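**Student:**
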Amino acid sequence: MLPQQVSDILARKPVGTHIEISGWVRTRRDSGGVSFLEISDGSCLDSLQVVADSGLDNYDREIRKITTGTSIQVAGLLVDSPAKGQEVEVRAERITVIGWSDAETYPLQKKRHGFEFLRSIPHLRPRTNALAAVARIRSRLDHAARSFFRERGFFLVHTPIITTSDCEGAGEMFTVTSLPPEHIKDSGSFADDFFGRRAGLTVSGQLQAEIYALALGRVYTFGPTFRAENSNTSRHLAEFWMLEPEISFCDLACAMSVAEELIRELVRTVLRDCPREMNLFNRFVDSTLINRLESIAGKPFARMPYSEAVALLAASGREFEFPVRWGVDLQAEHERYLCEEVVTGPVIVHGYPKEIKPFYMRLNDDGRTVAAMDILVPGIGELVGGSQREERFDMLARRMAEAGLNEAEYGWYLDLRRYGTVPHSGFGLGFERLVQLVTGLPNIREAIPFPRTPGSAPC
Ligand code: 4AD
Ligand code: MG
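So the sequence shown is numbered by our numbering: it starts at 797 and just counts up by one.
#1: In terms of residue numbering, what span does the alpha helix (DSSP H) encompassing L927 cover?
#2: Evaluate M1169 with the Cβ neighbour count: other Cβ atoms within 10 Å of its Cβ, from every protein chain shown; 16 or more gives buried, anything less gives exposed.
#3: Fully enclosed by the region 1038-1075, which alpha helix (DSSP H) runs are 4 residues long or longer?
#4: List the DSSP bridge partners of P1101.
#5: Helix, strand or coil: how does DSSP classify T1235 here?
#6: Under 8 angstroms, with one C-beta from each stretch per pair, do the region 1009-1026 and the region 940-958 reach the 3-pair mark?
#7: On a CA-only basis, which of L1179, S1221, L1212, V1120 is nearest D1190? Give me that one, please.
#8: Kindly examine ligand 2 and report whether one of its heavy atoms sits closer than 8 angstroms to the Cβ of G1175.
#9: Determine whether the beta carbon atoms of F1259 and F1227 lie at a separation below 9 angstroms.
#10: Thinking just about the alpha-carbon of each residue, which of R824, I1171, G1163, Q882 is nearest to the one in A1049?
#11: Three or more C-beta pairs under 8 angstroms: does that hold for the region 1121-1141 against the region 1171-1188?
#12: I'd like to know if the region 1158-1168 and the region 1181-1190 are in contact, where contact means that at least 3 CB-CB pairs between them fall below 8 angstroms.
#13: So, using beta-carbon positions, are D842 and R1072 closer together than 9 angstroms?
#14: Quick one: is the Cβ of D842 within less than 8 angstroms of any heavy atom of ligand 2?
#15: For I835, which beta-bridge partners are listed by DSSP?
#16: Candidates F832, L806, R808, V802: which alpha carbon is nearest S818's?
#17: So is the beta-carbon of E1178 under 8 angstroms away from any non-hydrogen atom of ligand 2?
#18: Kindly give me the distance between the Cβ atoms of E968 and A1024, rounded to whole angstroms, as I take these residues to be in contact under 8 angstroms.
#19: Checking 9 angstroms against the spacing of the C-beta atoms, do R934 and V1231 come in under that value?
#20: If we ignore side chains and look at the alpha-carbon of each, how far apart do L1085 and V1234 end up?
#21: Is any heavy atom of ligand 2 found at a distance shorter than 8 angstroms from the C-beta of G1181?
#22: So is P1154 buried or exposed if we call it buried at 16+ other beta carbons inside 10 Å?
#23: So if DSSP puts S1183 in a beta bridge, which residue, or which two residues, is it bridged to?
#24: Between G828 and ligand 1, is there a pair consisting of the residue's CB and a ligand heavy atom that are separated by less than 8 angstroms?
#25: Check whether the region 970-977 touches the region 988-1004, taking contact to mean three or more Cβ pairs, one atom from each stretch, closer than 8 angstroms.
#26: By a C-beta neighbour count over all protein chains shown, 10 Å radius and 16 as the cutoff for buried, is A1111 buried or exposed?
#27: Quick one: Cα of N1026 to Cα of L1033, how far?
#28: Which word fits R1068, buried or exposed, when buried means at least 16 other C-beta atoms lie within 10 angstroms of its C-beta?
#29: Starting from Y1008, follow the alpha helix (DSSP H) in both directions and report where the run begins and ends.
#30: Just checking, does the region 876-894 make contact with the region 845-862 on the three C-beta pairs under 8 angstroms criterion?
#31: If I'm right that V1063 touches L1039 with Cβ under 8 angstroms, what's the distance once you round it to whole angstroms?
#32: Closest to G1123 by CA distance: which of E1117, E1131, S1103 is it?
#33: When the Cα of D898 is compared with those of V821, G1141, N925, which residue comes out closest?
#34: Mind checking if L920 is an interface residue toward chain D, Cβ cutoff 9 angstroms exclusive?
#35: Thinking C-alpha only, which one of R1114, M1100, N1239, G1216 is nearest V1081?
#36: Taking its Cβ as the centre, do 16 or more other Cβ atoms sit within 10 Å of H1146, making it buried, or is it exposed?
Take a look at the structure:
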């Protein structure tokens, strides 16, 4: 049987019953022949106070030597706590030390540690309140996203991690090879390689999700994606997770509604189900967080054509690092200005110039923009990128030729337009950026358990 957890005991508070709990000691304090141990098992933000008196047979030998980080098992009676700070506590009848922790070298102390320092100890940082809270929120969001899609008739499709298609065409694909690097350098070819051609880690599951959308109607994929993008910013990772629904018989406006509904549902979920964690972030990370999230959950998102966004930015009087004019891609500074200063909330920008977007987006009737949309959110900028896909064979063939794509390699993608094509749309939601949105964390490296960034993949 599974052991009891602190979360369950604090939710039910079965005072007067015997419980058994295991976890890691946060602190030990001795006072008048009694020791108070704060024990945390990671199941929730709160720890449980354990009171150990000197009558316990290992009191002097062990209990008084317990330090932060030690793992113990406690059996005892749950009682109302006479002291402030907790409603219940455990009167210990037996305490067993499971694993000692060397107090001299254990890097986590009771004080708060900076996130940058914590990144240097990725194997221990989930034991802190903040990083454990992020992990629980992340898990809750994952669950809520899957429920959201299931309740709306979507099927989960596991798209491949190794692929030969560079979906975004941005040349950011990591190569996967079984050959020694010199071999490829010398021969300049992947013909003798494992897959007989150049393969890489996926940058997006979209193209394969489209295959299944044109068979099952409504699908989504959710997995790690990889980009060899040399940008050391607070919102880029080399490995990140993306939620990617792909929907047949659905135009751009339909995809926008799904994305907006999804984001609002996920925000509502954490506000409702993770109040302790949310209070922690509101207190220690960003005091405007909960207010901002309530407003995101409660109001429809603004929508704005790209041309209007560019006009607003140009008329803003702001000195941007990257000047704006029609035709340029929006940078984080522009995206944040739009949602933080213009609309003060999320905004869906749509109808981008075709030159700055990938080949698969549907060309609009004006011939110069595509049916693309990005959802921009305060504090981050782009959270979602999506589009209606080009379903017209001739148009797509032309766009592929313009993009320099090899028709032989992407013939299967054109086939989907040759045999029973349908209008379809989808989007990608960056899961770590979502975690940043709901926690207020300034750096994406705290939003994923093991961040991979240029020059850094420690374990
Ligand atoms: O806008 P992107 O590049 O869109 C696609 O990959 C489409 N194929 C998705 C689709 O239509 N199915 O990426 C989608 C989202 C971005 O809006 C951003 O939130 C996140 O993925 N993202 C990153 N997150 C962390 N680190 C990076 N390097 C990211 N690049 C994109
Ligand atoms: Mg994008």
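Glycine residues also receive a C-beta, built at the ideal position from the N, C-alpha and C atoms. None of the values given here were measured: they were computed from a predicted structure.
**Tutor:** According to the structure data:
#1: For L927, the uninterrupted alpha helix (DSSP H) run begins and ends at 925-947, by DSSP.
#2: M1169 comes out buried.
#3: 1048-1069
#4: DSSP output for P1101 lists H1146 as bridge partner(s).
#5: helix
#6: yes
#7: Between D1190 and the set L1179, S1221, L1212, V1120, the nearest pair of CA atoms involves L1212.
#8: no
#9: Only positions 797 to 1255 of the chain appear in the structure, and residue 1259 is not among them; the question remains open.
#10: I1171
#11: yes
#12: yes
#13: Taking C-beta atoms as the reference points, D842 and R1072 count as a pair closer than 9 angstroms.
#14: no
#15: V821, L844
#16: For the set F832, L806, R808, V802, the Cα lying nearest the Cα of S818 is the one of V802.
#17: yes
#18: 5 angstroms
#19: yes
#20: 8 angstroms
#21: yes
#22: buried
#23: A1168, G1222
#24: no
#25: yes
#26: exposed
#27: 9 angstroms
#28: exposed
#29: 1002-1012
#30: yes
#31: Wrong, their Cβ atoms sit about 14 angstroms apart, outside the cutoff.
#32: The residue with the shortest Cα to Cα distance from G1123 is S1103.
#33: V821
#34: Absent from the structure is chain D; it holds one protein chain and no more.
#35: Per the Cα distances, N1239.
#36: buried
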